[in-house]
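Enquirer: Mind having a look at this structure? Questions to follow.
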Amino acid sequence: MFRKHRIGLALGGGAARGLAHIGVLEVFRENSIPVDVIAGTSMGAIIGAMYAADPDLNKLKNRLYGYLDSDAFRRARFDFLREEDKEEGEGIFYKFSYILQKSIFYTLSITKKSLMSEDTLMENITYLLDDINIEDTAIPFAVTTVDLDTGEEYIIKAGPLRTAVAASCALPGIIPPVVFGERKLFDGGWINAVPVEQALGCGADIVVGVEVSSGISEFKDPVNALDMVFRADTITRNALAKEKMKSADFVIKPDLGHIHWADFTSIDKCIQKGRSETMRCINEIKNVIKWKRAKLFFRGVW
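All residue numbers for the sequence shown refer to the working numbering, where the first residue is 559 and numbers rise by one.
Structural data, given as structure tokens:
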């Protein structure tokens with residue numbers, strides 16, 4: 559008797575752009591394509607963990623919308639990281655106050671090891687995820703991180719879900735490394751933007767990768783130093799991602815380059831971009847899955 563061939567999703571990191579993963583999941587559900595395994599890094603770890611814990615997209619979206627309207631999100635201060643100019647009609651005193659706050663924010667980036675405390679990070683993660691262990695999720699799930707001391711990729715398949723996801727979201731310089739056991743871990747996307755191999759390692763036979771990073775596009779004048787850091791990071795990740803994704807059976811790449819990495823207010827645009835790109839190539843995805851299943855079947859026979 560032949561076992562069912564499992565389909566895995568490898569959800570990449572891309573900060574706010576990672577909200578496009580929701581659109582991908584919606585189209586998979588609408589087309590009756592099962593998701594049997596999920597591996598995620600950074601924002602892909604957040605969306606992946608939420609869905610793996612409870613595969614109800616309406617609940618997932620309601621929880622996210624609630625979070626983006628919460629005090630916890632406002633305290634995270636992502637608004638200062640956005641490439642956005644204030645409206646002309648807001649008044650000189652408002653603008654002066656905004657510039658002063660922004661100056662203080664960037665001063666902190668030079669004088670402190672991170673801009674957000676671990677407590678603030680965990681407050682945000684707690685808003686999004688229930689207090690369960692990874693091994694108790696409804697869908698098998700793995701989180702990609704990097705060990706700060708060894709520089710090696712570290713895959714988490716068991717233990718506290720919140721802590722594991724927090725580690726995968728610990729962006730160096732912005733969020734401090736997260737202690738997991740005896741390790742200090744940070745954002746796995748720095749060396750593995752789309753965790754295809756990790757989905758295979760969790761038992762997937764067929765893996766669809768979802769890359770939501772901006773790719774290499776025209777570089778406009780940077781607004782701040784962080785934009786320069788992220789440009790360098792984008793170049794590195796783009797090269798690494800191409801190599802890592804060779805193991806994927808198919809890669810979905812929504813066009814998200816115009817959306818700033820910290821613009822979480824663009825959630826609806828991101829979801830729609832994920833939906834439209836997945837719908838555009840849904841027949842090709844189905845054919846790839848059908849072909850791979852046939853290949854695996856005959857391999858088992860012979």
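Glycine included, each C-beta is placed from N, C-alpha and C at the ideal position.
Where does R857 fall in DSSP's three states?
Expert: In the sequence shown, residue 857 corresponds to position 299, counting from 1. In the structure shown, R857 sits in a helix (DSSP, three-state: H, G or I).
Enquirer: Less than 8 Å between C-beta atoms, sequence neighbours within five positions excluded: which residues of the same chain meet that for V505?
Expert: Outside the displayed range of the chain (559 to 860) lies residue 505, so it cannot be described from this structure.
Enquirer: Short of 7 Å in beta carbon distance, which residues of its chain neighbour A578, apart from the five on each side in sequence? Order them along the chain.
Expert: Position 20 of the sequence shown, counted from the start, is the residue given in the question as residue 578. V770, P812, L814, C828, I829, K831, G832.
Enquirer: Is F699 buried or exposed, if buried means 16 or more other CB atoms sit within 10 Å of its CB?
Expert: In the sequence shown, counting from the first residue as 1, residue 699 sits at position 141. Answer is buried; the Cβ neighbour count reaches 16.
Enquirer: Over the uninterrupted alpha helix (DSSP H) stretch that includes R621, give me the two end residues.
Expert: As a first step, residue 621 must be located in the sequence shown, where it is residue number 63. Element bounds for R621: 615-626.
Enquirer: Quick check on the burial criterion: 16 or more other C-beta atoms within 10 angstroms. Buried or exposed for P734?
Expert: For this step, residue 734 is matched to residue 176 along the sequence shown. Its Cβ being crowded by 16 or more others within 10 Å, P734 is buried.
Enquirer: Rounded to a whole number of angstroms, what is the C-alpha to C-alpha distance between I714 and P592?
Expert: Within the sequence shown, numbered from 1, the residue matching residue 714 stands at position 156. Within the sequence shown, numbered from 1, the residue matching residue 592 stands at position 34. Using only the alpha carbons, I get a separation of about 23 Å.
Enquirer: What number of angstroms, rounded off, separates the C-alpha of V809 from the C-alpha of R789?
Expert: In the sequence shown, residue 809 corresponds to position 251, counting from 1. In the sequence shown, residue 789 corresponds to position 231, counting from 1. Near 22 Å, if we compare the C-alpha coordinates of R789 and V809.
Enquirer: Starting from D705, trace the beta strand (DSSP E) both ways and give me its first and last residue.
Expert: Residue 705 sits at position 147 when you count from the first residue of the sequence shown. Here the beta strand (DSSP E) through D705 covers 699-705.
Enquirer: Where does A820 sit, in a helix, a strand or coil, going by DSSP?
Expert: Along the sequence shown, read from residue 1 onward, the residue named residue 820 stands at position 262. A820 falls in the coil class under three-state DSSP.
Enquirer: Anyone know if the C-beta pair for I570 and V846 falls short of 7 Å?
Expert: The count along the sequence shown starts at 1 and reaches residue 570 at position 12. The count along the sequence shown starts at 1 and reaches residue 846 at position 288. Here residue 570 is Gly; the residue named in the question, Ile, does not match the sequence. Against a cut-off of 7 Å, the Cβ pair of V846 and G570 comes out as no contact.
Enquirer: With DSSP as the reference, identify every bridge partner of Y609, one or two as the case may be.
Expert: On the sequence shown, residue 609 is found 51 positions in, with the first residue counted as 1. Bridge partners of Y609: none, in fact.
Enquirer: Determine the extent of the beta strand (DSSP E) in which A696 is found, giving its start and end residues.
Expert: Against the sequence shown, residue 696 aligns to sequence position 138. Segment: none, A696 is in no beta strand (DSSP E) and carries neither H nor E.
Enquirer: I want to know whether the segment 716-725 touches the segment 678-691 - three or more CB-CB distances under 8 Å.
Expert: Verdict: yes, contact present.
Enquirer: Tell me the residue span of the beta strand (DSSP E) that contains I733.
Expert: As a first step, residue 733 must be located in the sequence shown, where it is residue number 175. Counting along the chain, I733 falls outside any beta strand (DSSP E), and DSSP gives it neither H nor E.
Enquirer: Sort out for me which residues DSSP pairs Y712 with in a bridge.
Expert: In the sequence shown, counting from the first residue as 1, residue 712 sits at position 154. BP columns for Y712 point to T703.
Enquirer: For A852, count neighbouring Cβ atoms within 10 angstroms of its own Cβ and tell me buried if that reaches 16, exposed if not.
Expert: In the sequence shown, the residue the question calls residue 852 occupies position 294. Per the 10 Å Cβ criterion, exposed.
Enquirer: Using the beta-carbon count (16 or more within 10 Å), is I692 buried or exposed?
Expert: Locating residue 692 in the sequence shown gives position 134, where the first residue counts as 1. Buried is the call here.
Enquirer: Give me, in chain order, the residues of the same chain whose beta-carbon lies closer than 6 Å to that of A797; leave out the 5 immediate sequence neighbours on both sides.
Expert: Counted from its first residue, the sequence shown places residue 797 at position 239. Closer than 6 Å at Cβ, skipping near neighbours: no residue.
Enquirer: What's the call for H816, buried or exposed, on a 16-neighbour Cβ count within 10 Å?
Expert: In the sequence shown, the residue the question calls residue 816 occupies position 258. When all chains shown are included, H816 counts as exposed.
Enquirer: Report yes if the CB atom of S628 is closer than 7 Å to the CB atom of G747, and no otherwise.
Expert: The residue you call residue 628 lines up with position 70 of the sequence shown. The residue you call residue 747 lines up with position 189 of the sequence shown. The answer is no: Cβ separation not under 7 Å.
Enquirer: For A757 and G566, which I take to be in contact (beta-carbon distance under 8 Å), what is that distance rounded to the nearest angstrom?
Expert: Locating residue 757 in the sequence shown gives position 199, counting from the first residue. Locating residue 566 in the sequence shown gives position 8, counting from the first residue. About 4 Å; that satisfies the 8 Å criterion.
Enquirer: State buried or exposed for E588, treating a residue as buried only when at least 16 other CB atoms are found within 10 Å of its CB.
Expert: Start at 1 with the first residue of the sequence shown, and residue 588 comes out as number 30. E588 should be labelled exposed.
Enquirer: Determine the contact status of D745 and L854, defining contact as a CB-CB distance below 7 Å.
Expert: Taking the sequence shown and counting its residues from 1, the one referred to as residue 745 is at position 187. Taking the sequence shown and counting its residues from 1, the one referred to as residue 854 is at position 296. Contact: no.
Enquirer: What is the DSSP secondary structure of G572, counted as helix, strand or coil?
Expert: Stepping through the sequence shown from its first residue, residue 572 is reached at position 14. Of the three classes helix, strand and coil, the one that applies to G572 here is coil, per DSSP.
Enquirer: Drop a sphere of 10 angstroms on the beta-carbon of F856, count the other beta-carbons inside from all chains shown, and report buried for 16 or more, exposed for fewer.
Expert: Numbered from 1 along the sequence shown, position 298 holds the residue referred to as residue 856. Answer is exposed; the Cβ neighbour count stays below 16.
Enquirer: A573 and A728 look like a contact to me (Cβ under 8 Å); what is the Cβ gap, rounded to whole Å?
Expert: Within the sequence shown, the letter at position 15 stands for residue 573. Within the sequence shown, the letter at position 170 stands for residue 728. Between A728 and A573 the Cβ distance is about 13 Å, and since that is not below 8 Å, they are no contact.
Enquirer: Pick from N841, G739, C839, D807: whose alpha carbon is nearest that of K850?
Expert: The residue given as residue 850 occupies position 292 in the sequence shown. Looking at the Cα atoms, D807 is the closest of the given residues.
Enquirer: According to DSSP, is N845 part of a helix, a strand, or is it coil?
Expert: The count along the sequence shown starts at 1 and reaches residue 845 at position 287. In the structure shown, N845 sits in a helix (DSSP, three-state: H, G or I).
Enquirer: Can you name the start and end residues of the beta strand (DSSP E) that V752 belongs to?
Expert: On the sequence shown, position 194 is the one that residue 752 refers to. Unbroken run through V752: none, as it is neither H nor E.
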